[in-house]
DNA sequence: ATCCTGTTTGTCAGTCACTGACAGATCGTC
DNA sequence: GACGATCTGTCAGTGACTGACAAACAGGAT
């Protein structure tokens, strides 16, 4: 009961200090003491110095994929992902705290590896979602390819959006992303993709078109 | 002169220990002492504990993008990347040491963030390459989208290949990846992609097809 | 108020990655 | 064999994190 309040206090103080002085210039001890607590206590509530900033990744991923599952099946996977982002951002605009978190992360290059690892976690969530949606296995190669593309495209749309400073909307960027690529993985006809056709070179032979096997 | 030999010795010992006992279970001090050297000396030759394992990322990226630049222009970007991988792997098969490095990395989940950050570095290299190839800006949104897709697809092909244990070839996987997606970014006609067409929803309106503006 | 029990916290000591400063060793060279 | 440059060891310190233990602090039952 009390632990929760302490946890929130530490988190709030941590964000403020990270934002003011830079994540790398603030030690866990400083955050702890500013929150009226010992360093040891800090690490009892947060496994890492990063956690007050990033929150629980699994939780966020589950939330997002839950939204994804509510998207109609006639959408391409990429359409579904982009629509979810745009809808979510419009429906529940980010709180000042959310914006602070984003600001801190963007201002801290040394955090890049962690962010990237977080993306991989998202990717796993997408793989499961795609597997459900298409009836394929989670080990399926095409599922893996598509899932990873969804993740990075999501990131690109997001990054372009936040760095455009409002001149672009999530919607317009989503359309441009969609126009740039064309995923061959409809939920219904879940293309079986190429097998092996024993000639040399990597290029497509005849034409990819729709090798339809419904 | 002597430093180079010391460096190589540390590197060799590091790989052996990492491989035998696991990266996380071997401290920099242990590596140093096994190499007949102080911990401080270890960190004089390598900036991080990771470096003996990963080498210089920038160097590897430059090497790969140099190969990319030699690919004929009529190839799709993805074709060029996949062809380069396949060709490289066939021409210069990995040494036992290369295999050891891969083994260690795969056996060490805590290294995931670093690997991911490395991928982002590759992505930056790809962006430059694509910008040259298409005559676009390195800040171009479509370039960013395509570059990130190239990177993750490269990874997917590679991972599927190493985990298939030889049942799949880089070539066959490359073909499957190519069939799965279809990039709209030819080096010549470098599609201008969609602008804004003011209706709601993220879905493509008419059809993406080839909005040719050559 | 008091006792009892479980939770929360502080203290202490330790590991590991990594760094700066300085002094001793070693190398190639004349 | 003296000499300047390079290489290395020693020492001390920071910052993230962990385990062990005991003191402080709940809240409810008596």
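Residue numbers (the working numbering), protein chains in the order written: chain A, 35 to 248; chain P, 35 to 248.
Note that the Cβ used here is the ideal one computed from N, Cα and C, for glycine as well.
Chain A contact for residue i (CB, 8 Å cutoff)
{"i": "residue 175 of chain P", "result": "yes"}
{"i": "residue 141 of chain P", "result": "no"}
{"i": "residue 183 of chain P", "result": "yes"}
{"i": "residue 190 of chain P", "result": "yes"}
{"i": "residue 215 of chain P", "result": "yes"}
{"i": "residue 194 of chain P", "result": "yes"}
{"i": "residue 46 of chain P", "result": "no"}
{"i": "residue 168 of chain P", "result": "no"}
{"i": "residue 186 of chain P", "result": "yes"}
{"i": "residue 150 of chain P", "result": "yes"}
{"i": "residue 41 of chain P", "result": "no"}
{"i": "residue 136 of chain P", "result": "no"}
{"i": "residue 211 of chain P", "result": "yes"}
Assigned secondary structure, residue i (DSSP; H/G/I helix, E/B strand, else coil)
{"i": "residue 215 of chain A", "result": "strand"}
{"i": "residue 172 of chain A", "result": "coil"}
{"i": "residue 109 of chain A", "result": "coil"}
{"i": "residue 155 of chain A", "result": "helix"}
{"i": "residue 160 of chain A", "result": "helix"}
{"i": "residue 127 of chain A", "result": "coil"}
{"i": "residue 115 of chain A", "result": "helix"}
{"i": "residue 65 of chain A", "result": "helix"}
{"i": "residue 197 of chain A", "result": "helix"}
{"i": "residue 36 of chain A", "result": "helix"}
{"i": "residue 90 of chain A", "result": "coil"}
{"i": "residue 82 of chain A", "result": "coil"}
{"i": "residue 104 of chain P", "result": "coil"}
{"i": "residue 202 of chain P", "result": "coil"}
{"i": "residue 48 of chain A", "result": "helix"}
{"i": "residue 179 of chain P", "result": "helix"}
{"i": "residue 185 of chain P", "result": "helix"}
{"i": "residue 294 of chain P", "result": "This structure does not reach residue 294 of chain P, given that chain P is present from 35 up to 248, and the question cannot be answered."}
{"i": "residue 191 of chain P", "result": "helix"}
{"i": "residue 72 of chain P", "result": "coil"}
Whole-angstrom distance between residue j and residue i, CA atom to CA atom
{"i": "residue 143 of chain P", "j": "residue 132 of chain A", "result": "29 Å"}
{"i": "residue 91 of chain A", "j": "residue 36 of chain A", "result": "24 Å"}
{"i": "residue 66 of chain P", "j": "residue 128 of chain P", "result": "27 Å"}
{"i": "residue 203 of chain P", "j": "residue 195 of chain P", "result": "6 Å"}
{"i": "residue 135 of chain P", "j": "residue 108 of chain A", "result": "44 Å"}
{"i": "residue 184 of chain A", "j": "residue 163 of chain A", "result": "12 Å"}
{"i": "residue 103 of chain P", "j": "residue 172 of chain P", "result": "16 Å"}
{"i": "residue 45 of chain P", "j": "residue 61 of chain P", "result": "14 Å"}
{"i": "residue 88 of chain A", "j": "residue 120 of chain P", "result": "38 Å"}
{"i": "residue 51 of chain P", "j": "residue 75 of chain P", "result": "17 Å"}
{"i": "residue 159 of chain P", "j": "residue 126 of chain P", "result": "22 Å"}
{"i": "residue 192 of chain A", "j": "residue 98 of chain A", "result": "15 Å"}
{"i": "residue 70 of chain A", "j": "residue 42 of chain A", "result": "12 Å"}
{"i": "residue 186 of chain P", "j": "residue 155 of chain A", "result": "14 Å"}
Minimum Cβ-Cβ distance from residue i to chain P less than 8 Å
{"i": "residue 91 of chain A", "result": "no"}
{"i": "residue 154 of chain A", "result": "yes"}
{"i": "residue 207 of chain A", "result": "yes"}
{"i": "residue 178 of chain A", "result": "yes"}
{"i": "residue 106 of chain A", "result": "no"}
{"i": "residue 123 of chain A", "result": "no"}
{"i": "residue 164 of chain A", "result": "no"}
{"i": "residue 35 of chain A", "result": "no"}
{"i": "residue 102 of chain A", "result": "no"}
{"i": "residue 128 of chain A", "result": "no"}
{"i": "residue 146 of chain A", "result": "yes"}
{"i": "residue 224 of chain A", "result": "At residue 224 of chain A the pLDDT is 40, less than 50, meaning the model places this residue with poor confidence and gives no usable figure here."}
Exposure label - residue i; buried when at least 16 CB within 10 Å
{"i": "residue 190 of chain A", "result": "buried"}
{"i": "residue 153 of chain A", "result": "buried"}
{"i": "residue 168 of chain P", "result": "buried"}
{"i": "residue 110 of chain P", "result": "buried"}
{"i": "residue 210 of chain A", "result": "buried"}
{"i": "residue 57 of chain P", "result": "buried"}
{"i": "residue 213 of chain P", "result": "buried"}
{"i": "residue 118 of chain A", "result": "buried"}
{"i": "residue 150 of chain P", "result": "buried"}
{"i": "residue 188 of chain P", "result": "buried"}
{"i": "residue 197 of chain P", "result": "exposed"}
{"i": "residue 55 of chain P", "result": "exposed"}
{"i": "residue 86 of chain P", "result": "buried"}
{"i": "residue 114 of chain P", "result": "buried"}
{"i": "residue 141 of chain A", "result": "exposed"}
{"i": "residue 124 of chain A", "result": "exposed"}
{"i": "residue 100 of chain P", "result": "exposed"}
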